[in-house]
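Protein chains in written order, with the numbering used here: chain D, 1 to 419; chain Z, 1001 to 1559. Here's the structure, in structure tokens; my notes come after.
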């Protein structure tokens, strides 16, 4: 069963897919969304990723690495967590109770203070170049062959489209949801009933049969796969449009982030492989403290509920959870009570699949102005995410005869964080 | 001997050599030389190579490649009926001379050079217009690139050309990488991570040499006009707008393996316009202006190889070097002699791209069928013995769908009528002008093209590989835009089909309009069977018949 737990050797990728298609086929069938029973069914069948992206750069000092009472510490206190000795900001009281399920890396130095560069580095594990995002890699190597959902779904309320899949191909690119709105064009055009729709699709197939004779298959198959994927999404229209349970909404919060996280839970329970939820608005150049009070107030309870649910439903063991930004914020408080871009000494939280829970990796100095111990960058984090998922990040992508190292060959995973 | 005289000597030699090569082959047209080189060294080539494509396939293929859309059903009829033995050559010449060809080249080179990045300093409309005008005049590639790399953005007339540098904000790592990738076919930055230690060393030197051309340049925002242009310092180690690193500043500019271009000793730190607050400095000796010269200099063979490879890929579906920006020792060209031939022809003909495209289109290699005969083994892509499937670009797909459904013809008709009404005296004459027609149609329908680009295009390095995602399929399958083109209106395709009496007439008009060919017997039978099954809902059945053809494999690819 080892291969079922993740892809160790990419050369055997094909074999793994065939295995999954054959052996796990029955179990990957879809049940009703949202019920723990469904989660039970697919539990352990395939590994997943939940990314919570705090866009704009969350302040490490107001979240994972508080420095109360120091020069740059700001007005908030640190509170104890469910892990003895681990303290986080008082802005995260609910999350504090879940920290036994999570770990913190406090020693990240990206050497960039640019939004885009920081974001791309965090997603690709490389400073530059056309490389796939973590989500696209998860889609390629972890998604079951017969998955009913695209491998990489990004729930966000704003624009910004990136080419996330690089050489892995568009089918592994992120499918963007504008908030809880389902993908566009899910409904059959007006005036067509199901029978007529089926007939025209059949007719399309008929045209294709003729064309394929004597031609290489790879291109047409890829085109056809996109239509099959589209049909699957159309079949799940009711699922996407289903209003969330009022009780759940009460727990998660009725704001966009709450709704988006509920959708993320439902997607993960229904076999999605990587779900990314973006929480916008952390770029607090002015009024950093008010902003974080408000933003993290929204984040904290929702995130804690989501972690609790994933844990309770047995999904956390197979779901890697990442809470990250493009960088942190300057220790120095500027004249507008803001904190600026700061890639040199900041933190993220990780948990779930393959991650040692309750750990604190690295530290910053007393005032939080520099990394004091165990400095890492996004290259190390990238190896860590993938190895936690059972993907050998030191291996190569084998794409059309080119071998491309999956992770940056000059970086290594944070071994002590891997369980 | 000074550096410049060495360069001159080398280039003079190169010209002499090029001249002597072409003297031998003067009588043999380039397209024939291509065909004789393509199979060299492959004993099985003729056996595995496919037959020439039929007239209809050739018409569709070359119309798409050179003008970015499929032919109308009328154009297919006329071409099939034409009995002239020269009709393929005449077609190629007609297409190359059309304003649609300039638009197609604008799309290809805009996508290649800007990679669909969002606008920063120079509006895309102006840049695209600059490109299109250049292609209308068949501006040589070296002239175009010299303009793009040497303008500073201060002159309104030449400002559009500065988009390449300005919209990358002169960021060293971005500009250097893209200079290498797009103009030299070498992804120097990417290859820095290569495991091979020798290749690594070799390329790092190239990378820093290239970046040194621009390490003194910086973005200057005019406090009055708020427009950004390029300023330059006279010294190497400049810290300004946080763009450059000291290490790069220490390297003298150089183009790959060509000698370093050392700053003239006497020009040290001299300015035409001295740096000051809110002043755009201009040095006496500009490293940046050396870039345009060095890039397009005859000694820089990589510059020619790159464009030869890219033009080949545009027509044939893949480059000799593929990916197009990954030329290195471990990924050599598949047909070095052929690439060499094209490279030399480019130089000999003053970088006349239209001439090269013409010869490529005339070659047997280009005109081979993409279908192999029954039972034969599918040949390797890299052999170019069989026509490749080329996925339509977002622009090609949009224009082809509008052409197939009859939207373009219908729209042009109403645009002409409007013009005649607005200008009774000269309107009629004006609307006969091909350039007027192209521009009017483009202005009227461009918004649809944008919708396709949003769905099918992507920002970042482009690849010749085919990708298809679920949201694209949903757009084709259920999107209101494509559906709206299926509703009968004026004399669009569905309206024409509706008027036809027999199902075989319907099949013929459908196939000519959408697939640019006549249906085979079996295909007519299939259409007949479908229509018979759906008699009750005849209009909807016709609309979805057109839809099924539009969203098929045969339509999605240039084959």
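All C-beta atoms, glycine included, are put in the ideal place defined by N, C-alpha and C. Keep in mind that this is a model prediction, so the values were computed, not measured.
Measuring straight from C-alpha to C-alpha, what distance separates residue i and residue j?
i	j	result
residue 376 of chain D	residue 109 of chain D	6 Å
residue 341 of chain D	residue 114 of chain D	7 Å
residue 1450 of chain Z	residue 1307 of chain Z	27 Å
residue 202 of chain D	residue 1400 of chain Z	23 Å
residue 1552 of chain Z	residue 1474 of chain Z	14 Å
residue 76 of chain D	residue 407 of chain D	38 Å
residue 1079 of chain Z	residue 1064 of chain Z	15 Å
residue 1326 of chain Z	residue 367 of chain D	46 Å
residue 384 of chain D	residue 49 of chain D	13 Å
residue 220 of chain D	residue 106 of chain D	48 Å
residue 1102 of chain Z	residue 412 of chain D	50 Å
residue 1181 of chain Z	residue 129 of chain D	11 Å
residue 1221 of chain Z	residue 1108 of chain Z	30 Å
residue 402 of chain D	residue 1086 of chain Z	43 Å
residue 1440 of chain Z	residue 277 of chain D	44 Å
residue 1294 of chain Z	residue 1259 of chain Z	10 Å
residue 1127 of chain Z	residue 1111 of chain Z	12 Å
Looking at the C-beta of residue i, does it have a partner C-beta in chain D at a distance below 8 Å?
i	result
residue 952 of chain Z	Limits of chain Z in this structure are 1001 at one end and 1559 at the other, which puts residue 952 of chain Z out of reach.
residue 1548 of chain Z	yes
residue 1367 of chain Z	no
residue 1284 of chain Z	no
residue 1091 of chain Z	no
residue 1473 of chain Z	yes
residue 1552 of chain Z	yes
residue 1530 of chain Z	yes
residue 1389 of chain Z	yes
residue 1545 of chain Z	yes
residue 1027 of chain Z	no
residue 1290 of chain Z	no
residue 1542 of chain Z	no
residue 1459 of chain Z	yes
residue 1168 of chain Z	no
Taking the alpha helix (DSSP H) that residue i falls in, what are its first and last residues?
i	result
residue 175 of chain D	Per DSSP, residue 175 of chain D belongs to no alpha helix (DSSP H); it is in the beta strand (DSSP E), 175-178.
residue 1546 of chain Z	1538-1550
Taking only beta-carbon atoms, is residue i less than 8 Å away from chain Z?
i	result
residue 204 of chain D	yes
residue 150 of chain D	yes
residue 181 of chain D	no
residue 144 of chain D	no
residue 139 of chain D	no
residue 413 of chain D	no
residue 132 of chain D	no
residue 214 of chain D	yes
residue 238 of chain D	no
residue 106 of chain D	no
residue 295 of chain D	no
So the beta strand (DSSP E) residue i belongs to, where does it begin and stop?
i	result
residue 278 of chain D	274-279
residue 399 of chain D	396-399
residue 51 of chain D	48-54
residue 402 of chain D	402-405
residue 1180 of chain Z	Counting along the chain, residue 1180 of chain Z falls outside any beta strand (DSSP E), and DSSP gives it neither H nor E.
residue 106 of chain D	102-108
For my contact list, residue i and residue j are in at a C-beta cut-off of 8 Å; report their separation, rounded to the angstrom.
i	j	result
residue 1283 of chain Z	residue 1226 of chain Z	Their Cβ separation, rounded to whole angstroms, is 24 Å, which puts residue 1283 of chain Z and residue 1226 of chain Z out of contact at 8 Å.
residue 328 of chain D	residue 60 of chain D	4 Å
residue 233 of chain D	residue 186 of chain D	6 Å
residue 1053 of chain Z	residue 1367 of chain Z	6 Å
residue 95 of chain D	residue 87 of chain D	Not a contact, Cβ separation roughly 12 Å.
residue 300 of chain D	residue 93 of chain D	7 Å
residue 265 of chain D	residue 309 of chain D	6 Å
Any heavy atom of the ligand MN inside 7 Å of the beta-carbon of residue i?
i	result
residue 1426 of chain Z	Looking at this structure, you won't find the ligand MN or any other ligand, since it has none at all.
### Near-chain D residues of the segment 1418-1443 of chain Z - C-beta to any C-beta below 9 Å
Cβ contacts with chain D: none found.
#### Entry: Positions along the segment 1293-1322 of chain Z whose CB lies within less than 8 Å of some CB in chain D
From the segment 1293-1322 of chain Z, no residue has a Cβ closer than 8 Å to chain D.
#### Entry: the segment 1041-1062 of chain Z: positions lying closer than 7 Å to chain D by Cβ
Of all residues in the segment 1041-1062 of chain Z, none is placed with a Cβ closer than 7 Å to any Cβ belonging to chain D.
### Task
With 7 Å as the C-beta to C-beta threshold (strictly closer), list the residues of the segment 1474-1490 of chain Z near chain D in chain order.
Hits within the stretch, in order: 1474, 1475, 1477, 1478, 1479, 1483.
#### Entry: Cβ-based contacts, 9 Å cut-off: residues of the segment 361-395 of chain D near chain Z
Here the close residues number zero.
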